[in-house]
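K.L.:
Below are the structure tokens for one structure; questions will follow.
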Amino acid sequence: MGTTAETTPVGGAPETGTGVWLHGVTADVDPAALAGLAGMDGVPVRPVRAAGLTAVVSAAPLAEYGEVALRRNLEDLAWLERAARTHHTVVDALSRAGAVVPARLATVHRDDDRVARVLTARRDELSDTLARLTGREEWGVKGYVVPGAPPRTAEAAGDGGGAGAAYLRRRRAQLTAREEGQRIAADAAATVHTALAGYAVAARRHAPQDRRLSGAATAMVLNGAYLIDRNRLAGFSELVGALADRHPEIRLELTGPWPPYSFVAEPSAEPAHSVREPA
């Protein structure tokens, strides 16, 4: 689902009224299951039905979620984190209840009628996607470099040249070993991804996360997403374990299940205010 704010303020003036934040689309949902799910305004989310589909939405005051406000707020990391967490909590709950097409963060419509029009206009596409996702979950596998043994130093090899020369040789050996370790880990990551993709219904290899985001002590070399049939999850987990044993040069981490963010096709024309969920 695309990301947009369907409001057009005049001269950048603050917007008034309440818009509709779209969390995701399902075939159907039990309203009772939505009662405990808080939306963007802190009150329960609600369904909007049209064309045999159900959109799960929440109220979005335009003073905070309109076009002008979103431009400002999406630059505020604290605001962005809160909004993303609230949005993801709803999408995650929907995905655990059944197939869901997640909306991207900050998909805001003017009113329920606009949401219903989207469901009607994209009925075939959304229905096909829901059918493809039914009975399946997204799982992530991350791979991190495992540093090898320290390289043999020049002194251990009996090389001469004094302390300065020995230090330079040691540094050169360390850099060479590090580069070689990165190359070996990258090759292993490619092999692991190919094996996991062969087991999965669909697979995506995202860009590795920076250490500041991953929180890992070493570099990430694999950031894969895999769409797995629920009845084959045990086999997938076993395959991850076997690959970890086979490739000790990388540490594999299995995460999930996640809403299928990686396996939802986006419209060809993306609106201006677009924020991608992190992988």
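The numbering used here runs 195 ahead of the 1-based position in the sequence shown.
Every residue, glycine too, gets a C-beta built ideally from N, C-alpha and C.
1. Inspect the beta-carbon positions of residue 445 and residue 335 and report whether they are closer than 7 Å.
2. Which same chain residues, not among the five before or five after residue 435, have their C-beta less than 8 Å away from its C-beta?
3. Taking its Cβ as the centre, do 16 or more other Cβ atoms sit within 10 Å of residue 418, making it buried, or is it exposed?
4. Only counting runs of 4 or more residues, tell me where the alpha helix (DSSP H) segments fall wholly within the region 306–349, in order along the chain.
5. If we ignore side chains and look at the alpha-carbon of each, how far apart do residue 438 and residue 332 end up?
6. I want to know whether the region 220–230 touches the region 314–333 - three or more CB-CB distances under 8 Å.
7. Residue 297 by DSSP, collapsed to three states: which one?
8. Give the range of the beta strand (DSSP E) segment to which residue 425 is assigned.
9. On the three-state DSSP scale, how would you describe residue 388?
10. Specify the secondary structure class of residue 252 as computed by DSSP and reduced to three states.
11. Compute the distance between the beta-carbons of residue 314 and residue 250, then report whether it is under 7 Å.
12. Look at the Cβ atom of residue 253, then the Cβ atom of residue 240, and state whether they are nearer than 7 Å.
13. To the nearest angstrom, report how far apart residue 216 and residue 424 are at their CA atoms.
14. What does the alpha-carbon distance come out to for the pair residue 411 and residue 451?
15. Hey, residue 297 and residue 459 are a contact pair by Cβ (cut 8 Å); roughly how many whole angstroms apart?
16. Please name the residue in 266, 259, 289, 268 whose C-alpha comes closest to that of residue 233.
17. Output the distance between the C-alpha atoms of residue 384 and residue 431, rounded to the nearest integer angstrom.
18. Taking the alpha carbon of residue 317 as the point to measure from, which residue in 457, 306, 247 has its own alpha carbon closest?
19. Cβ of residue 255 within 7 Å of Cβ of residue 212?
20. For residue 416 versus residue 381, is the C-beta distance shorter than 7 Å?
21. Among 330, 386, 320, 281, which one has its Cα closest to the Cα of residue 235?
22. Have a look at residue 386 and residue 405 and give me their C-alpha separation to the nearest angstrom.
23. Alpha carbons only, please: which of 292, 260, 407, 257 is nearest the one belonging to residue 226?
24. Using 7 Å as the limit for Cβ to Cβ distance, is residue 301 near chain D?
25. For residue 402, is the classification buried or exposed, using 16 other Cβ atoms within 10 angstroms of its Cβ as the cut-off for buried?
26. Which residues mark the beginning and the end of the alpha helix (DSSP H) in which residue 221 is found?
P.N.:
Reading from the atomic positions:
1. Taking the sequence shown and counting its residues from 1, the one referred to as residue 445 is at position 250. Taking the sequence shown and counting its residues from 1, the one referred to as residue 335 is at position 140. At least 7 Å separates the beta-carbon of residue 445 from that of residue 335.
2. If you number the sequence shown from 1, residue 435 lands on position 240. Excluding positions up to five away in sequence, the list reads 336, 391, 447, 449.
3. Residue mapping note: residue 418 aligns to position 223 of the sequence shown, counting from 1. That one is buried.
4. 307–316, 318–328
5. Along the sequence shown, read from residue 1 onward, the residue named residue 438 stands at position 243. Along the sequence shown, read from residue 1 onward, the residue named residue 332 stands at position 137. Going by the C-alpha atoms only, they are around 21 Å apart.
6. Yes, the region 220–230 is in contact with the region 314–333.
7. Your numbering for residue 297 matches position 102 in the sequence shown. Strand, per DSSP.
8. Position 230 of the sequence shown, counting from 1, holds the residue named residue 425. Taken as a continuous stretch (DSSP letters only), residue 425 belongs to no beta strand (DSSP E), as it is neither H nor E.
9. Stepping through the sequence shown from its first residue, residue 388 is reached at position 193. Three-state result, residue 388: helix.
10. Position 57 of the sequence shown, counting from 1, holds the residue named residue 252. Reduced to three states, the DSSP call for residue 252 is strand.
11. Reading the sequence shown from its first residue, position 119 is the one you call residue 314. Reading the sequence shown from its first residue, position 55 is the one you call residue 250. Cβ atoms of residue 314 and residue 250: closer than 7 Å.
12. For the purposes of this step, residue 253 is identified with residue 58 of the sequence shown, where counting begins at 1. For the purposes of this step, residue 240 is identified with residue 45 of the sequence shown, where counting begins at 1. Result yes, Cβ atoms of residue 253 and residue 240 sit closer than 7 Å.
13. To locate residue 216, count along the sequence shown from 1; it is residue 21. To locate residue 424, count along the sequence shown from 1; it is residue 229. So the alpha carbons of these two residues sit roughly 30 Å apart.
14. The sequence position of residue 411 within the sequence shown is 216, counting from 1. The sequence position of residue 451 within the sequence shown is 256, counting from 1. Their backbone Cα atoms lie some 18 Å apart in a straight line.
15. By 1-based counting over the sequence shown, the position of residue 297 is 102. By 1-based counting over the sequence shown, the position of residue 459 is 264. Sure, about 6 Å apart at Cβ, within 8 Å.
16. Sequence index remark: in the sequence shown, residue 233 carries index 38 (1-based). Nearest neighbour of residue 233 by Cα position, chosen from 266, 259, 289, 268, turns out to be 289.
17. Translated into the one-based positions of the sequence shown, residue 384 becomes position 189. Translated into the one-based positions of the sequence shown, residue 431 becomes position 236. Each residue's alpha carbon lies about 16 Å from the other.
18. Taking the first residue of the sequence shown as position 1, residue 317 is located at position 122. Residue 317 has its Cα closest to that of 247, out of 457, 306, 247.
19. For the purposes of this step, residue 255 is identified with residue 60 of the sequence shown, where counting begins at 1. For the purposes of this step, residue 212 is identified with residue 17 of the sequence shown, where counting begins at 1. No, they are not a contact pair.
20. Your numbering for residue 416 matches position 221 in the sequence shown. Your numbering for residue 381 matches position 186 in the sequence shown. Residue 381 is positioned such that its CB atom lies closer than 7 Å to that of residue 416.
21. For this step, residue 235 is matched to residue 40 along the sequence shown. Checking every option, the nearest Cα to that of residue 235 belongs to 281.
22. Here the question's residue 386 lines up with position 191 in the sequence shown. Here the question's residue 405 lines up with position 210 in the sequence shown. Distance between the alpha carbons of residue 386 and residue 405 is about 21 Å.
23. Stepping through the sequence shown from its first residue, residue 226 is reached at position 31. It is 292 whose Cα lies nearest to the Cα of residue 226.
24. Absent here is chain D; the protein component of the structure consists of one chain.
25. Residue 402 sits at position 207 when you count from the first residue of the sequence shown. So residue 402 counts as exposed.
26. By 1-based counting over the sequence shown, the position of residue 221 is 26. Per DSSP, residue 221 belongs to no alpha helix (DSSP H); it is in the beta strand (DSSP E), 213–221.
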